[in-house]
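Counting with my numbering, you get residues 1 to 94 for the letters of the sequence shown. The beta-carbon is built from N, C-alpha and C at its ideal position, and this holds for glycine as well. Only a predicted model underlies this, so the values are computations on that prediction, with no experimental measurement involved.
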Amino acid sequence: MITGISHDLRTPLTTIMGYLDGLLDGIADTLEKRLRYLQAIKTRTGNLVSLVDSLSEYSRLDAGFRYHMEETDFKDYVEKYLELVRLDMENQQV
């Protein structure tokens with residue numbers, strides 16, 4: 001899991017660093033290019049914020065969540081579920 005998280009965080013960070021290098025090195029030599037680079041940095045930063053938010057949410061849920069396993073009749077479970085959603089399904093012609 002840590003490897004996956006590390007990879008998911010590294011990808012936008014690498015992209016941000018590349019765009020910043022392009023700005024600092026003068027590759028983005030027109031106003032239009034600089035704005036494109038800055039927009040890309042903003043987008044990737046938003047991706048990072050989303051990833052960190054998801055990780056925080058996962059940590060909160062994982063800390064307080066405990067499974068309660070018990071045997072059940074799957075057919076009975078599905079029938080009860082279908083009965084609960086039957087009217088909605090009929091209304092949506094499912």
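### Query
Roughly how far, in whole angstroms, is the beta-carbon of L20 from the beta-carbon of R34, given that I think they are within contact range, below 8 Å?
Not a contact, Cβ separation roughly 11 Å.
### Message
Quick check on the DSSP output: what are the complete alpha helix (DSSP H) runs of length 4 or more inside the stretch 33-92, in order along the chain?
### Response
Annotation: the stretch 33-92 contains the following complete segments of the alpha helix (DSSP H) (minimum length 4 residues), in chain order: 74-91.
#### Entry: Nearest-angstrom Cβ-Cβ length linking T45 and I16, presumed shorter than 8 Å
7 Å
### Task
Classify T3 as helix, strand or coil using the three-state DSSP reduction.
T3 falls in the helix class under three-state DSSP.
### Message
If the criterion is Cβ atoms closer than 9 Å, does the pair L9 and V52 meet it?
### Response
yes
### Task
In angstroms with no decimal places, state the Cα-to-Cα distance between D25 and G18.
A straight-line Cα-Cα distance of about 10 Å links D25 and G18.
### Message
Helix, strand or coil, according to DSSP, for G26 in the structure here?
### Response
coil
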